[in-house]
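Everything below concerns the one structure shown next.
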Amino acid sequence: GAVVSQHPSWVICKSGTSVKIECRSLDFQATTMFWYRQFPKQSLMLMATSNEGSKATYEQGVEKDKFLINHASLTLSTLTVTSAHPEDSSFYICSASGQHEQYFGPGTRLTVT
Amino acid sequence: RKEVEQDPGPFNVPEGATVAFNCTYSNSASQSFFWYRQDCRKEPKLLMSVYSSGNEDGRFTAQLNRASQYISLLIRDSKLSDSATYLCVVTPLTGFNKFYFGSGTKLNVKP
């Protein structure tokens, strides 16, 4: 089946720094990718829809200036958490729309100290 | 009001038991429905789609009730390996657009 990768799989950073997470569709082209965040014991919350070649669409309550999304090619979307704070510590998962379903990446665990 | 609501559980059942989960959704225009399974600290994996006519895949049966706006998942003959969190997913449009996840129902199958 289709594969979506994320990099890094986990990252620890200091408060105030920025972290970039990559999401790649490995064997198909994805014009649309999605970014989710999941806090412990909670469900996945859609943060934004990433569209190749255009601006991302953010869900209500998600700060677009804090979570920068770039979808520069049909196989790559990046999420940059700017000026990260401990409350941004979470599991970030991307997904890409394939022909028949959405395919999820393995997730990136971010810890901000 | 949340788009999708689920009983968080946990449901603790013995091996071989039959267990059922329900999920309600708020948007009557929702058109696509899925059950995903998520293991601890892993990404969600598609378990099955849910069709208006209902569908069955081995020990798993999913049903949709549009009038009452809920979907259900029935697991028969539970296995230890079924222990996971089951996520209900609803999309407002066909074509795998935005996914709205329920909070998940945790299942623990005991020996």
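Residue numbers (my numbering), protein chains in the order written: chain A, 14 to 126; chain B, 16 to 126.
No residue lacks a Cβ here, since even glycine has one placed at the ideal position from N, Cα and C.
On a predicted model such as this, the values are computed, not experimentally measured, just so you know.
Within 8 Å, strictly: CB atoms of residue i and residue j
i: S41(B); j: S56(A); result: no
i: T44(A); j: E72(A); result: no
i: F48(B); j: L122(B); result: no
i: T121(A); j: I25(A); result: no
i: S108(A); j: M58(A); result: no
i: Y105(A); j: W23(A); result: no
Within chain B, the residues that residue i reaches when beta carbons sit closer than 8 Å
i: F47(A); result: K113 and F114
i: T91(A); result: Those do not exist, as T91(A) stays about 18 Å from chain B at its closest Cβ, beyond 8 Å.
Buried versus exposed, by CB contacts within 10 Å (16 or more), residue i
i: R52(B); result: buried
i: S63(A); result: buried
i: R56(B); result: exposed
i: F52(A); result: exposed
i: D101(A); result: buried
i: D97(B); result: buried
i: L39(A); result: exposed
i: A61(A); result: buried
i: Y101(B); result: buried
i: G73(B); result: exposed
Amino acids of chain A, ordered along the chain, whose beta-carbon sits closer than 7 Å to that of residue i
i: S118(B); result: Q55 and S56
Residue i: contacting residues in chain B (beta-carbon distance under 9 Å)
i: T124(A); result: Here the premise fails: no neighbours, minimum Cβ distance about 13 Å.
i: F117(A); result: Y51, E58, P59, K60 and L61
For residue i: DSSP bridge partner residues
i: H84(A); result: Looking at the DSSP assignment, H84(A) forms no beta bridge with any residue, so it has no partner.
i: D72(B); result: F75(B)
Contact set between residue i and chain B, taken where Cβ atoms lie within less than 7 Å
i: T121(A); result: Residues of chain B passing the Cβ test: none, with the nearest at roughly 10 Å.
i: I34(A); result: Ordered by position in chain B, no residue passes the 7 Å Cβ test against I34(A), which lies about 13 Å from the chain.
i: T44(A); result: Result: empty, since nearest Cβ-Cβ is about 12 Å, beyond 7 Å.
i: I106(A); result: E58
8 Å Cβ cutoff, residue i in contact with chain D
i: L59(A); result: Absent from the structure: chain D. Protein chains present are A and B.
Interface residues of chain A facing residue i [CB-CB closer than 8 Å]
i: L122(B); result: None at all; the shortest Cβ gap to chain A is about 15 Å.
Task: Residues of the region 56 to 90 of chain B with Cβ closer than 9 Å to any Cβ of chain A, in chain order - done: R56, K57, E58, P59, K60, L61 and S64
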